[in-house]
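Undergrad: Take 461 as the starting number for the sequence shown in this note's numbering and just add one per residue. Don't be surprised by glycine CBs; every beta carbon is placed ideally from N, CA and C. Here the structure is a predicted model, which is why all the values come from computation and not from measurement.
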Amino acid sequence: MAVEIRLPTLLRPHADGAPSVTAEGDTVGAVFSDLTERFPGLSGQLVDAGGALHKFVNVYLNDDDIRYLDALDTKVDEGDVVSILPAVAGG
Numbered sequence: 461m462a463v464e465i466r467l468p469t470l471l472r473p474h475a476d477g478a479p480s481v482t483a484e485g486d487t488v489g490a491v492f493s494d495l496t497e498r499f500p501g502l503s504g505q506l507v508d509a510g511g512a513l514h515k516f517v518n519v520y521l522n523d524d525d526i527r528y529l530d531a532l533d534t535k536v537d538e539g540d541v542v543s544i545l546p547a548v549a550g551g
């Protein structure tokens, strides 16, 4: 099923400059796999070498942080929106 993925400015050059793209999958992880297959430059930007979500990337399914759901195993439905946001730190 197709979901919309909203990309931060930092990742847009890896997706032909698009602010949002669509990808297929039934979980966030499957959606990311489809996304990185279509846009190889995003590979390594979202998940680490062990297959876990990078600590400096925040991912929301609609308005919910997937870290508090089932992380990359979070189920998605047709028409859902996945927003990728870079983590911000300061002091």
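Can you tell me which residues form a DSSP beta bridge with Y520?
TA: Your numbering for residue 520 matches position 60 in the sequence shown. Bridge partners of Y520: D525 and S543.
Undergrad: Return the CA-CA distance between G504 and L471, expressed in angstroms with no decimal places.
TA: Within the sequence shown, the letter at position 44 stands for residue 504. Within the sequence shown, the letter at position 11 stands for residue 471. Cα-Cα distance, rounded: 11 Å.
Undergrad: Does DSSP put S493 in a helix, in a strand, or in coil?
TA: Along the sequence shown, one-based indexing puts residue 493 at 33. S493 falls in the helix class under three-state DSSP.
Undergrad: Is T423 near L532, with beta carbons less than 8 Å apart?
TA: Any answer about residue 423 is impossible in this case: the structure gives the chain only from 461 up to 551.
Undergrad: Could you give the DSSP three-state label for L502: helix, strand or coil?
TA: The count along the sequence shown starts at 1 and reaches residue 502 at position 42. Here L502 sits in helix by DSSP.
Undergrad: How many Å lie between D494 and P500 at the Cα?
TA: The residue given as residue 494 occupies position 34 in the sequence shown. The residue given as residue 500 occupies position 40 in the sequence shown. Between D494 and P500, the C-alpha separation is close to 10 Å.
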